[in-house]
Structures are given as structure tokens and as C-alpha cells.
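Participant: All you need for the numbering used here is the position in the sequence shown, starting with 1, plus 475.
Starting off with a structure, shown below.
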Amino acid sequence: MTTHWILGPGAIGRLLAHSLSPIATTTLLGRRALPPRQMLTTPEGEQYWQPLNSLTIAQLPSNTPKPPAFVHITTKAMAAESALAGITDCISPTTPLVLWQNGFLAQPRITQAWPGPVLCATTTEGAYLTGDDGVMHAGRGHTFVGDLHDQYGALAEELAQTLTQAGLAATKVCDIRQRLWQKLAVNAAINPLVALNDVRNGELRGEAYAGHVVAVVKEVAAIMLAEGIAPPNDGNGEDAWLALVWQVVENTANNKASMLQDVEAKRPTERGAILGPLIGSAHRHGLACEVLKGLDDEMAELEASF
Ligand code: KPL
């Protein structure tokens, strides 16, 4: 059995631990210990209690008898680097990492800094915590796995097969950078606006917000072109990006977006990982980003008031 460490016991971390446990040795790592028995509720409503092995980072031995084959980092984007720094003394620098973050902040930085292979995963699996001892697998999705320089195809294939065997359908891809930016583009058009206005995703279709969505997408489409990120569905520039955003708004109309959930809980949001790379790219390419910058400033002000 291969060994998987999962750093960050949030919803995706626990879903991974539950799913991988029957076929691999898994350890969930976090700042505090979790109740040893954890419940998984499946999208079909079935409930399973499972003992999940969890350790605090302080409890990790520096010389582990079974070194991990993969370390999954499932923290929020802005916490990924410090979480990794907390365990580097306990793993070989050639250990493969798997980054599950939103946005495009942790991925290029850790890929550059880590001597071993760094895979990135982007998933549409839906999951949320139901308490300290439970996770709800709210909807089945798909996970794409690859690395930013398309160097570790065999490892990405191995991971995709393991995830699929664990019940989380996954595919190895050569264009993970493209997919991460595409997700970021959609997140940038939805997340800050719903978080600032305290509305569900579907409300963006209304007169009060739709013009703002269009203005964000206009800037995002120009940035994507400069970054060499193809418009979705073989479409044409701005129209294709806008169509994708409206499609996601439609499909997630009743969702309370992750950034709104963070604001409600007065937690730091992922604005730095979502708006940050877009604004940085606009500056590098001499493109307009007043609308994105405005959203970032408003989000910063909101977070400062927590
Ligand atoms: O991914 C999302 C999020 O909540 O972060 C969107 C697409 C906005 C759906 O809610």
C-alpha cells in the first residue's frame, strides 16, 4: 500500500482521506488533532464512519518509517507554503507534492522552490465539513492532474489512477496551467462580487450586478489572451469567457461561493490567489485592470474590518 499524507484537514482533505483509506495508508495532518472516528456522507446520502489516522504537525516524527509516496496539500491557497514549511524537516526533498489550491499563487511558487516533483490538481468534487467529525461529499465531479512544466506525466498518471480507484474520477492532463487559469478567470468574475454584496451566485444575473460581471470579464479576457490561455470551448475571446461565466452562474445559482463563506466566517479570503495573479499579469503586460483592482481594494478593506 502506498502512503499518502494530506496536509490540511478541510473538506477536500477529509474527502481524500476517506476515499484513499481503503486502498492506501493515509495520514491527515493539521494544527490540531481530529476526533479519530470520522463520518463521510456520500452524494447518495449514505453515511460511513471510518477511523482516520490524523496527527498534528508537532507529532510528526522527523524519521518516518513509511515515507509518503505523495504529500497532498489541501490548505487554502495563502496557507500552502507555510504548511509545507512546517513539514519539510520530516520528508525527503524528492517527495512528490500534490497542490489542490484554487487560483494561481501557490502553484508557481512551490513548483519553483521544491526540488522534487510538484503536481497540481483542480477538482469539481463538491464537499463541505458538517462538523469536527464529518464531511459531506455534496456532489461528484472530476479531477484533473498535471504539472506546470509537463515533466512528470507518469507520476500524474499514477496519481490519477489511484484517485479514480478511490472513487474520485481523475484524468492526467498536459495543460494543467491552462485549466488552473480558466478556473481562476471564472472565480474572479463570481467570487469577489458575491462576497462583497452578500448574495448567492444566481443573483449576479440581475440588473444590479450583471454589468459589473461583464466589466470584470472584459479585463479578464484581455489578460487571458496575454497569458496565452485559450478561451473556453474553442470560442471567441470575451464572448466565450462571458458565456462560460454565465453558465457557471446558472449551474451554481444557489451556491454560497467560497469567498462569501470566508467573509461570513471572518476568515482571510483567497483574493490574493485569485485577483492577485490577474492584476500582476495586467501590470506585466500593460493592460487595464481598474475593475479588478477596485474589487481587490474593496475586498482588502472588508477583510481589514474583521
Ligand atoms: O468555485 C466557486 C467557488 O465558490 O469558489 C464558484 C464557481 C464561484 C461556485 O460557487
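Glycine included, C-beta positions come from ideal geometry on N, C-alpha and C.
Should Gly485 and Thr550 be called a contact, given that it needs their Cβ atoms to be closer than 9 Å?
Facilitator: As a working mapping, residue 485 is identified with position 10 in the sequence shown. As a working mapping, residue 550 is identified with position 75 in the sequence shown. Cβ distance < 9 Å, so Gly485 and Thr550 count as in contact.
Participant: With a threshold of 16 other CB atoms inside 10 Å of the CB of Arg506, please say whether the residue is buried or exposed.
Facilitator: Translated into positions along the sequence shown, residue 506 becomes position 31. By the neighbour-count rule (16 or more Cβ atoms within 10 Å), Arg506 is not buried but exposed.
Participant: Using the beta-carbon count (16 or more within 10 Å), is His612 buried or exposed?
Facilitator: Locating residue 612 in the sequence shown gives position 137, counting from the first residue. It counts as buried.
Participant: Identify the continuous alpha helix (DSSP H) that holds Thr639 and give its terminal residues.
Facilitator: The residue labelled residue 639 in the question sits at position 164 within the sequence shown. Gly628 to Gln640 is the span of the alpha helix (DSSP H), which, as asked, contains Thr639.
Participant: Any chance the CB of Thr502 is under 8 Å from a heavy atom of the ligand KPL?
Facilitator: Position 27 of the sequence shown, counted from the start, is the residue given in the question as residue 502. No.
Participant: Is the CB-CB distance between Glu773 and Leu671 below 9 Å?
Facilitator: Position 298 of the sequence shown, counted from the first residue, corresponds to residue 773. Position 196 of the sequence shown, counted from the first residue, corresponds to residue 671. Result yes, Cβ atoms of Glu773 and Leu671 sit closer than 9 Å.
Participant: Looking at Ala779: is its Cβ nearer than 9 Å to the Cβ of Ala697?
Facilitator: Within the sequence shown, the letter at position 304 stands for residue 779. Within the sequence shown, the letter at position 222 stands for residue 697. It is not a contact, given that the beta carbons lie outside the stated cut-off.
Participant: What number of angstroms, rounded off, separates the C-alpha of Trp480 from the C-alpha of Gln653?
Facilitator: As a working mapping, residue 480 is identified with position 5 in the sequence shown. As a working mapping, residue 653 is identified with position 178 in the sequence shown. Distance between the alpha carbons of Trp480 and Gln653: 27 Å.
Participant: I need the boundaries of the alpha helix (DSSP H) containing Trp721, first residue and last residue.
Facilitator: Within the sequence shown, residue 721 is the residue found at index 246, counting from 1. Per DSSP, Trp721 belongs to the alpha helix (DSSP H) from Gly712 to Asn726.
Participant: Within a Cβ cutoff of 7 Å, which residues of the same chain sit near Leu491, ignoring the five residues on either side of it in sequence?
Facilitator: By one-based count along the sequence shown, residue 491 stands at place 16. The answer, listed in chain order, is Ile481, His547 and Thr549.
Participant: Rounded to whole angstroms, what is the Cα-Cα separation between Gly628 and Met476?
Facilitator: Against the sequence shown, residue 628 aligns to sequence position 153. Against the sequence shown, residue 476 aligns to sequence position 1. So the alpha carbons of these two residues sit roughly 21 Å apart.
Participant: Taking 8 Å as the line, does the beta carbon of Ala732 fall inside it for any heavy atom of the ligand KPL?
Facilitator: To locate residue 732, count along the sequence shown from 1; it is residue 257. Yes.
Participant: In the DSSP assignment, what are the bridge partners of Leu530?
Facilitator: By one-based count along the sequence shown, residue 530 stands at place 55. Answer is Leu504, bridged to Leu530.
Participant: Using DSSP with H/G/I as helix, E/B as strand and the rest coil, what is Trp656?
Facilitator: Residue 656 sits at position 181 when you count from the first residue of the sequence shown. Trp656: helix per DSSP, three-state reduction.
Participant: Name the residue from Gly561, Ala555, Gln513 and Leu495 whose alpha carbon lies nearest to the alpha carbon of Ala635.
Facilitator: Here residue 635 corresponds to residue number 160 of the sequence shown, with the count starting at 1. Minimum Cα distance to Ala635 is reached at Leu495.
Participant: Assign Gln522 to buried or exposed, taking buried as 16 or more other Cβ atoms, counted over all protein chains shown, within 10 Å of its Cβ.
Facilitator: By 1-based counting over the sequence shown, the position of residue 522 is 47. Its Cβ having fewer than 16 others within 10 Å, Gln522 is exposed.
Participant: For Thr692, I'd like the list of residues in its chain whose CB is within less than 7 Å of its CB, leaving aside the five on either flank, ordered along the chain.
Facilitator: Indexing the sequence shown from 1 puts residue 692 at position 217. Per the sequence presented here, residue 692 reads as Val, with Thr not at that position. So the qualifying residues of the chain are Ala664, Glu713, Trp716, Leu717 and Val720.
Participant: Name the DSSP bridge partner or partners of Arg675?
Facilitator: Within the sequence shown, the letter at position 200 stands for residue 675. Per DSSP, none; premise fails for Arg675.
Participant: Please state the DSSP three-state secondary structure of Cys595.
Facilitator: As a working mapping, residue 595 is identified with position 120 in the sequence shown. In the structure shown, Cys595 sits in a strand (DSSP, three-state: E or B).
Participant: I need the boundaries of the alpha helix (DSSP H) containing Gly601, first residue and last residue.
Facilitator: Position 126 of the sequence shown holds residue 601. Per DSSP, Gly601 belongs to no alpha helix (DSSP H); it is in the beta strand (DSSP E), Gly601 to Gly606.
Participant: Considering only DSSP beta bridges, list what Arg512 is partnered with.
Facilitator: Translated into the one-based positions of the sequence shown, residue 512 becomes position 37. Paired residue(s): Pro526.
Participant: Check Met611 in the structure and name its three-state DSSP category.
Facilitator: Counting from 1 along the sequence shown, the entry for residue 611 is found at position 136. If DSSP states are grouped into helix, strand and coil, Met611 belongs with the strands.
Participant: How is the beta strand (DSSP E) around Ala645 delimited, first residue to last?
Facilitator: Within the sequence shown, numbered from 1, the residue matching residue 645 stands at position 170. That run of the beta strand (DSSP E) goes Ala645 to Lys647.
Participant: Should Gly601 and Pro518 be called a contact, given that it needs their Cβ atoms to be closer than 9 Å?
Facilitator: Walking along the sequence shown from the start, residue 601 turns up at place 126. Walking along the sequence shown from the start, residue 518 turns up at place 43. Cβ atoms of Gly601 and Pro518: closer than 9 Å.
Participant: Taking all protein chains shown into account, do 16 or more other C-beta atoms lie within 10 angstroms of the C-beta of Glu765, making it buried, or fewer, making it exposed?
Facilitator: Numbered from 1 along the sequence shown, position 290 holds the residue referred to as residue 765. Exposed, because fewer than 16 other Cβ atoms sit within 10 Å of the Cβ of Glu765.
Participant: What I want to know is whether the C-beta of Lys551 ends up closer than 8 Å to one or more non-hydrogen atoms of the ligand KPL.
Facilitator: Walking along the sequence shown from the start, residue 551 turns up at place 76. Result no, Cβ not under 8 Å from the ligand KPL.
Participant: Kindly indicate the opening and closing residues of the beta strand (DSSP E) around Thr570.
Facilitator: Your numbering for residue 570 matches position 95 in the sequence shown. Note, Thr570: premise wrong, no beta strand (DSSP E); not H, not E.
Participant: Looking only at its own chain, which residues have a Cβ that is under 7 Å from the Cβ of Gln640, when we skip the five neighbours before and after it?
Facilitator: Residue mapping note: residue 640 aligns to position 165 of the sequence shown, counting from 1. The answer, listed in chain order, is Ile498.
Participant: Taking only heavy atoms of the ligand KPL into account, decide whether any of them is closer than 8 Å to the Cβ of Thr597.
Facilitator: For the purposes of this step, residue 597 is identified with residue 122 of the sequence shown, where counting begins at 1. Incorrect: Thr597 has no Cβ contact closer than 8 Å to the ligand KPL.
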